[in-house]
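Written out below as structure tokens is the structure these notes cover.
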Amino acid sequence: MPMLVDVSLLPTATTRGKIIVPANRIALVTGANQGMGRQVAEKLAADGVAVYVGSRDLARGKEVAAQIGAGASALQLDVTDTASVAAAADQIRTDAGRLDLLVNNAAISTTRTGPFAMVDRRALARVSTAPLDEMRSVWEVNVFGVLTVYQAMLPLLRESPHARIVNVTSALGSLTLAADPHSGLRSTFEPIYSASKTALNAVTLAMMIELEETDIKVNLVSPGFARTALVNFEGTESVEDAAREIVRVASLGPDGPTGTFTTWDGVPLPW
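Counting along the sequence shown from 1, when you hit position 33 you're at 502 in our numbering, and nothing is skipped either side.
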């Protein structure tokens, strides 16, 4: 099985049984074969982190990992497939024996394919007309997928001396902002994508509470409105700018804060 890093180059690496434990940090970024996830994986790798590029399509993951270069390794990972997630966890355990950083980035906004303007997506996502099958599919990725990955990777995170989980959400999921008549985000709140992020926020809060007596840190980040496929490339920020808070929080050391919920420019967000 391919090793994540060349341990011969790491004189401080140690062994646990027959497993080689690399000395540098080990990260998994889900949905890392494009967009925000790819940007985060690339930045982490550039900072010396050994990064698993989680990708539902392994071939695409390998292509991106090769483009990122040293420190990146493709990992087949479909967050909606429990067998795929379990296999990914087994691979990381075999390769490295632990996980230091988990970035739950994989998400979808619709199941529709091809160009589909955001205004049309929102029109079809009204509570009175939202297709329930599409809602279930989006929630399967954005909510249950994150929970599935969390449960599978938690034993590996517990093996780390200072682990961190970063869940990527959206300000659209803030109930406080949606309930505020003066908020510009109020009119965009709908039950498919927005509410899936509300549910993700709630799941993340539950993670924070579960792990608050441990050394595992949990953070929630709403990236910028980036020009990615998730929003039909209608975003207003570059992927580099939009992803910077994810990278910053993911790069925090063991003394960095836990339990935070921040925007792409580092401003605290209301739940």
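Ideal Cβ placement from N, Cα and C applies to all residues, glycine included.
Membership of residue 502 in any alpha helix (DSSP H) is not indicated, and neither H nor E is assigned to it by DSSP. Distance from the CA of residue 518 to the CA of residue 596, rounded to the nearest whole angstrom, comes to 43 Å.
The DSSP-derived three-state label of residue 650 is coil. Inter-residue distance for residue 687 and residue 522 is about 20 Å (C-alpha atoms, whole angstroms).
Bridge partners of residue 686 according to DSSP: 633. Excluding sequence positions up to five before and after residue 737, its CB lies within less than 8 Å of the CB of 729, 730 and 731, all in the same chain and listed in chain order. For residue 530, the enclosing alpha helix (DSSP H) starts and ends at 527 to 537. Taking the Cα of residue 723 as reference, the smallest distance to any Cα among 520, 625 and 630 is reached at 630. Distance from residue 693 to residue 733 at the Cβ level is roughly 4 Å; contact confirmed, criterion being Cβ atoms closer than 8 Å. Contact between residue 572 and residue 637 holds, with the beta-carbon distance rounding to 7 Å and staying under 8 Å. By a beta-carbon distance limit of 8 Å, residue 599 contacts residue 660. Their separation comes to about 5 Å.
Beyond the five residues adjoining it in sequence on each side, residue 654 comes within less than 8 Å, by CB distance, of 640, 641, 643, 646 and 647 in the same chain, given in chain order. For residue 519, the enclosing beta strand (DSSP E) stretches over residues 519 to 524. Its Cα nearest to that of residue 618, the residue 551 stands out among 594, 565, 501 and 551. The Cβ atoms of residue 510 and residue 533 lie closer than 9 Å to each other.
Between residue 577 and residue 547, the alpha-carbon positions lie close to 13 Å from each other. By alpha-carbon distance to residue 691, the top candidate from 626, 525, 711 and 527 is 711.
Going by beta carbons, residue 594 and residue 662 fall inside the 9 Å limit. Beta-bridge annotation (DSSP): residue 508 is not paired with any residue.
Cβ contact annotation for residue 567 (same chain, cutoff 7 Å, sequence separation greater than five): 490, 495, 625, 628 and 629, in chain order. Shown here for residue 516: same chain residues with a beta carbon closer than 7 Å to its own, the five before and five after excluded, namely 720 in chain order. Under the three-state reduction of DSSP, residue 577 is assigned to coil, being neither helix nor strand.
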